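**Q**
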Amino acid sequence: MENTEQHQAALEPKKSGLAGPAFQYGLLIAAGLIILSLIMYVAGMIAVDWVSYVGYAILLGGLIFGTIKFRDEYSGGFISYGRALGFGTLTSFFTAVISGIFAYVFYALLAPDALNELRVAAEINILESNPNVTDQQLDLAVRMINPLMMALTYLFSYTFIGFIFSLVTAAFLKRKDPMDY
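Numbered as in this note's numbering, the sequence shown ends at 195 without a single skipped number.
Dropping the structure here:
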């Protein structure tokens with residue numbers, strides 16, 4: 015009898031809130047983004063524009079993977095649109111916090127030269143897009159590129175983009191429980 019109860023318990027989904035699994039998958043996604051950043055730094059491509067698109071692809075893929083795993087392992091194979099949206103957004107937030115902390119440490123302590131490279135690239139982009147910019151405006155814009163602003167940018171952009179991605183992916187990944195009326 016006891017063996018049957020253990021077997022049945024093993025088949026039931028784990029009951030959990032969103033925070034634990036969202037942190038777990040946020041950490042995995044952040045690890046992917048950190049590895050991408052380190053590869054691009056070593057390759058001398060830290061200021062290349064298309065890298066951000068690869069980062070967004072990592073975020074999107076991680077959100078899809080994490081939401082499917084959460085649905086199947088923690089929600090019994092079913093998840094509402096709202097719960098999938100909440101899980102994806104919370105996962106994105108944890109990704110953003112971890113990535114933001116990494117960005118601050120990376121640009122402030124490990125690779126200040128990468129920050130200078132970003133400043134030069136930003137200056138070039140600003141001058142190309144607006145040749146009439148004043149020296150004061152250009153100086154202000156370039157000074158805004160610092161470790162704290164990089165961390166805050168990661169925090170807000172990954173959370174916001176993750177929310178947008180989750181709005182869409184939740185529609186495809188939701189699965190209604192036939193037992194709910």
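For each residue, glycine too, the CB sits at the ideal point set by N, CA and C. Only a predicted model underlies this, so the values are computations on that prediction, with no experimental measurement involved.
Rounded to whole angstroms, what's the CA-CA distance from N146 to A98? Just pull it up for me.
**A** The alpha-carbon atoms of N146 and A98 are separated by roughly 47 Å.
**Q** Straight-line CA distance for V156 to A135?
**A** Approximately 10 Å, taken between the alpha carbons.
**Q** So I43 and T105 are in contact, right, with Cβ under 8 Å, and what is the actual spacing, rounded?
**A** Indeed, because the Cβ distance is near 7 Å, the residues count as touching under 8 Å.
**Q** Taking Cβ to Cβ, would you say I60 is nearer than 7 Å to E137?
**A** No, the pair does not count as a contact, with Cβ atoms beyond the cut-off.
**Q** Consult DSSP for I93 and reduce its assignment to one of helix, strand or coil.
**A** The answer is strand: DSSP assigns I93 an E or B state.
**Q** Enumerate, from N- to C-terminal direction, the unbroken alpha helix (DSSP H) stretches of 4 or more residues contained entirely within the stretch 167-191.
**A** Whole alpha helix (DSSP H) segments, 4+ residues: zero.
**Q** Please report the Cβ distance between L129 and Y118, rounded to the nearest whole angstrom; I am assuming they are in contact, meaning their Cβ atoms lie under 8 Å.
**A** Not quite, the Cβ-Cβ distance comes to about 11 Å (not below 8 Å), so this is no contact.
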